[in-house]
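Contents: one structure, followed by commentary.
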Amino acid sequence: MSRERFSELLPWYVNGTLSAEDRQWVESYLREHPTAREELDWYASLQQGIADSAPKVPSTIGLAKTMSLIQGDRPTILERIMGFFGGMILTPASAGRAGRSGSGGGALSLRPALAIGLVAAVVVQAGVIATMFGTRGADQAAMMRAGPTVAAEDGPVLKLAFAPDAKEADLRLLLVSVQGTIVAGPGQLGDYYVRVPAGKENDALARVRASALVQSAELVPGVPPRQ
Amino acid sequence: MDNQRVAELLGKIARQDQAAFQELYKAFSRKVFAYLLNQLKDHVRAEEVLVDTMYEVWRNPARFRGDSQFSTWLIGIARNKALMTYRARRADEDHDELDDVAETLASDAPDGFAAAAQKQRQEGVQHCMQKLSEEHRECLHLMFYEGCALAEIAQLQQVPENTVKTRLFHARQKIKQCLQRMLEREGVAPGAFK
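In order, the protein sequences belong to chains G and H.
Per this note's numbering, residue 1 is the first one in the first sequence, and the count goes up by one each step.
Per this note's numbering, residue 228 is the first one in the second sequence, and the count goes up by one each step.
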C-alpha cells in the first residue's frame, strides 16, 4: 500500500502541488527507501524534458493579428454614421422581429439599399462641390455667396467627441434627448458639430457632458469654415 | 504575474486599454501557445487558436473571476477553441502502436528509471510525447509544464480526478515504453526496463 501511495503521490510531489502533509509523507518514504529516489529523478527529468521541449517563440507571437482584430472591432466613423442613419430606417430590434417572423427579407435589404443611397448622395454632393471649385475662377463671387447659404443656420453649436466604444443606438438616443442634429463632422480629430434649438444650448451641453458616451463637449460659436 | 496584477490589467482592458491588453498578452502568450502546439502539433493552427483565445479575453475580460490561476483559465478557453476548431483531427494515427502494448508493460522496476532519465534528458521526451494520445499528452503537459494540481487538470479535461490519475499512469507507462524502444535501438541492454 505504501508503495502504491508513493507512486500515486510522486508526480504531484515533483510538480509542487502536494499538500504539506502528503509532501512530508513522500519525503519520509524517500528516506526509508533510497532506491525510490530513482523514480523521483525520472519524474524530475521528465519535467525538465517537457520544459526544455517547449517551443522557443517570442511573447509577441500572434500579437499583431490580435491587435488587428481588436482595432477592426471598433466601428469606423463611416460605420457609425451609416449606423446612425440606418437605424432611423430599421432598428436592430425590428430587424430581429422581422427575421423571426419569416418576412424579414425585404426589411433587411433596406440597409444595403440605404448604404448605396448614401454613397450616391455623397457622390452627387462631391460632384456639386467639385463643380463649384471648378468654376471658381469664372464666377468666384457667386460661389462665395453660394457657400454661406449652405450654413444658413448660423449660431452656436455643440462640438462633441464621442467615446470610441459608443454604440450607434445610444448616440442616437442622446442626440434625440437634446433635440440635436449633426450639422458637420467628423473633423480630423473626430469631432462632430451638433445644433440644438436656440436657447437650449447650455442645457444640452450639460446633458451631453454628463453622458459617458461623450469624451468632450464644448459650445462653439459656429461650424468652422472648411479648410 | 500574480492574479492581483491580472485583475488590474483586466479592469483596464474592460475600459479598452490596449496597452494593458498587450502586457497581459505578452505575459501569457507563450504558455498558451506551448499548450496549443503540444495539442495541435501545428504551429500555424496553434497561433490561430492563440489569437482567437486572447481576442476572447479582450472581448470578455470580466469572465475571469479569480477562481483559478489565470493561466489555467486561459488554457481552458484555448482548449475549448482548439476542440471546436479542430475536432476532426482528434483521431491520432501516431500513437496506435503504443496503445496496443501499453496495458501489458512491465511494472516500474526501480533500476529502469536511471537509464530512462539519462536518455530523456537528451532527446527522448519531445519525440515520445508526440506518440501519446491527445488526452495523455495534455495530462503530462498540464502537470509538468503548467504545474497544475490534480483538481485543476480534472476541471480542464472535464473528467473525474480518478480519470486523471489513470491517464497519468498510462501516460507514464507509454513514455517509458517509448524511451525503452529508443534505448534498445541504440544498443542499450534490453533488460533495462524489466
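For glycine and all other residues, C-beta sits at the position ideal for the given N, C-alpha and C.
Worksheet item: For the alpha helix (DSSP H) that contains THR181/G, what are its first and last residues?
Response: For the purposes of this step, residue 181/G is identified with residue 181 of the first sequence, where counting begins at 1. Annotation for THR181/G: no alpha helix (DSSP H) segment contains it, though the beta strand (DSSP E) segment containing it runs 181 to 184.
Worksheet entry | Amino acids of chain G, ordered along the chain, whose beta-carbon sits closer than 7 Å to that of GLU274/H | Here residue 274/H refers to the residue found at position 47 of the second sequence. Going along chain G in sequence order, the residues near GLU274/H (Cβ under 7 Å) are ILE61 and GLY62.
Worksheet item: Mind checking GLY49/G: buried by the 16 CB within 10 Å criterion, or exposed?
Response: In the first sequence, the residue the question calls residue 49/G occupies position 49. Result: buried.
Practice prompt. Would you check if the distance between the CB atom of VAL194/G and the CB atom of LEU175/G is smaller than 8 Å?
Written response: Here residue 194/G refers to the residue found at position 194 when the first sequence is read from its first residue. Here residue 175/G refers to the residue found at position 175 when the first sequence is read from its first residue. Cβ atoms of VAL194/G and LEU175/G: closer than 8 Å.
Discussion item. Our contact map puts TYR262/H next to HIS368/H with C-beta atoms below 8 Å; I'd like the distance itself, whole angstroms only.
Written reply: Locating residue 262/H in the second sequence gives position 35, where the first residue counts as 1. Locating residue 368/H in the second sequence gives position 141, where the first residue counts as 1. 6 Å between Cβ atoms; contact.
Practice prompt. For VAL57/G, return the contacting residues in chain B, with the cut-off set at a CB-CB distance below 7 Å.
Written response: Looking for chain B here will not work: the only protein chains present are G and H.
Item to complete: Determine the direct distance from the alpha carbon of GLU362/H to that of PHE260/H, and round the result to whole angstroms.
Response: Taking the second sequence and counting its residues from 1, one reaches residue 260/H at position 33. Taking the second sequence and counting its residues from 1, one reaches residue 362/H at position 135. Approximately 17 Å between the Cα atoms of the pair.
Worksheet item: Looking at the unbroken alpha helix (DSSP H) that takes in PHE291/H, where does it start and where does it end?
Response: As a working note, residue 291/H is residue 64 in the second sequence. For PHE291/H, there is no enclosing alpha helix (DSSP H), as DSSP marks it with neither H nor E.
Worksheet item: What residues in its chain sit with their C-beta under 7 Å from that of ILE380/H, if we drop five residues either side in the sequence?
Response: Reading the second sequence from its first residue, position 153 is the one you call residue 380/H. These residues qualify, in order along the chain: CYS366, LEU369, MET370 and VAL391.
Item to complete: Out of ASP154/G, LYS65/G, SER45/G and GLY16/G, state which residue places its alpha-carbon closest to the alpha-carbon of VAL271/H.
Response: Your numbering for residue 271/H matches position 44 in the second sequence. Ranking ASP154/G, LYS65/G, SER45/G and GLY16/G by CA distance to the CA of VAL271/H puts LYS65/G first.
Item to complete: Give the interface partners of ILE402/H over in chain G, defined as CB-CB distance under 9 Å, in chain order.
Response: Here residue 402/H corresponds to residue number 175 of the second sequence, with the count starting at 1. Simply LEU46.
Worksheet entry | Reduced DSSP secondary structure (H/G/I, E/B, other) of ASP326/H | The residue you call residue 326/H lines up with position 99 of the second sequence. Residue confidence for ASP326/H is low, a pLDDT of 43 falling below 50, so the modelled location carries little weight; the figure read from the coordinates is stated next. In this structure, ASP326/H counts as helix in the three-state DSSP scheme.
Worksheet item: Whose C-beta lies closer than 7 Å to the C-beta of ALA246/H among residues of the same chain, with five residues either side of it excluded?
Response: For the purposes of this step, residue 246/H is taken as the residue at position 19 of the second sequence. The answer is none, since no qualifying residue turns up.
Fill in: Bridge-paired residues (DSSP) for SER216/G
In the first sequence, counting from the first residue as 1, residue 216/G sits at position 216. In the DSSP output, where bridge partners are listed per residue, SER216/G has ALA161/G.
Worksheet item: Using a Cβ cut-off of 9 Å, which residues of the segment 208 to 226 of chain G contact any Cβ in chain H, in chain order?
Response: So nothing in the stretch comes that close.
Worksheet item: The alpha helix (DSSP H) spanning ARG283/G covers which residue range?
Response: As shown, chain G starts at 1 and ends at 227. That puts residue 283/G outside it, with no answer to give.
Worksheet item: Excluding sequence positions up to five away, which residues of its chain have a Cβ less than 7 Å from the Cβ of LEU213/G?
Response: Indexing the first sequence from 1 puts residue 213/G at position 213. Contacts found: PHE162, ALA163, ALA166, ASP170, LEU171 and LEU174.
Worksheet entry | Simplified DSSP assignment, three categories, for VAL194/G | Position 194 of the first sequence, counting from 1, holds the residue named residue 194/G. Three-state result, VAL194/G: strand.
Discussion item. Which of the three DSSP states is assigned to GLN357/H in this structure?
Written reply: In the second sequence, residue 357/H corresponds to position 130, counting from 1. Coil.
Item to complete: Report yes if the C-beta distance between LEU383/H and ARG292/H is below 8 Å; otherwise report no.
Response: Here residue 383/H refers to the residue found at position 156 of the second sequence. Here residue 292/H refers to the residue found at position 65 of the second sequence. Their beta carbons are not under 8 Å apart, which means LEU383/H does not touch ARG292/H by this criterion.
Item to complete: Following the continuous alpha helix (DSSP H) through TYR372/H, name the residue where it begins and the one where it ends.
Response: Locating residue 372/H in the second sequence gives position 145, counting from the first residue. Taken as a continuous stretch (DSSP letters only), TYR372/H belongs to no alpha helix (DSSP H), as it is neither H nor E.
Practice prompt. Run down chain G in chain order and give the residues with a C-beta less than 8 Å from the C-beta of LEU267/H.
Written response: One-based indexing of the second sequence puts residue 267/H at position 40. Near LEU267/H there are no residues of chain G at all, since even the closest Cβ is about 12 Å away, more than 8 Å.
Fill in: Contacting positions in the segment 291 to 314 of chain H - beta carbon closer than 9 Å to chain G
Hits within the stretch: zero.
Worksheet entry | Three-state secondary structure assigned by DSSP to ASP203/G | What you label residue 203/G is simply residue 203 of the first sequence in a count that begins at 1. Helix.
Worksheet item: Is there contact between the segment 280 to 300 of chain H and the segment 54 to 72 of chain G, where contact requires at least three CB pairs shorter than 8 Å?
Response: Touching, per the Cβ criterion.
Worksheet item: Any C-beta of chain H sitting closer than 8 Å to the C-beta of LYS65/G?
Response: To locate residue 65/G, count along the first sequence from 1; it is residue 65. Answer yes: the Cβ-Cβ gap between LYS65/G and chain H drops below 8 Å somewhere.
Fill in: Assigned secondary structure, GLY155/G (DSSP; H/G/I helix, E/B strand, else coil)
To locate residue 155/G, count along the first sequence from 1; it is residue 155. Correct three-state label for GLY155/G: coil.
Practice prompt. Ignore the nearest five residues each way along the sequence and tell me which others in LEU377/H's own chain have a CB closer than 7 Å to its CB.
Written response: Counting from one through the second sequence, the residue named residue 377/H turns up at place 150. Counting only Cβ-Cβ distances below 7 Å, and skipping sequence neighbours, we find GLU388 and VAL391.
Worksheet item: Quick one: is GLN179/G buried, meaning 16 or more other Cβ sit within 10 Å of its Cβ, or exposed?
Response: Within the first sequence, residue 179/G is the residue found at index 179, counting from 1. Exposed, since its Cβ has fewer than 16 Cβ neighbours within 10 Å.
Worksheet entry | Amino acids of chain H, ordered along the chain, whose beta-carbon sits closer than 7 Å to that of GLY16/G | In the first sequence, the residue the question calls residue 16/G occupies position 16. Close partners of GLY16/G in chain H (Cβ separation under 7 Å): GLY374.
Item to complete: Using a Cβ-Cβ cut-off of 8 Å, state whether ALA166/G counts as contacting chain H.
Response: One-based indexing of the first sequence puts residue 166/G at position 166. Cβ-Cβ to chain H under 8 Å: no for ALA166/G.
Worksheet entry | Minimum length 4: unbroken alpha helix (DSSP H) runs contained in the segment 241 to 284 of chain H | Restricted to the segment 241 to 284 of chain H, the alpha helix (DSSP H) segments that are unbroken, complete and at least 4 residues in length are 245 to 267, listed in chain order.
Worksheet item: Where do the ends of the alpha helix (DSSP H) carrying VAL258/G lie?
Response: Only positions 1 to 227 of chain G appear in this structure, which leaves residue 258/G out of reach.
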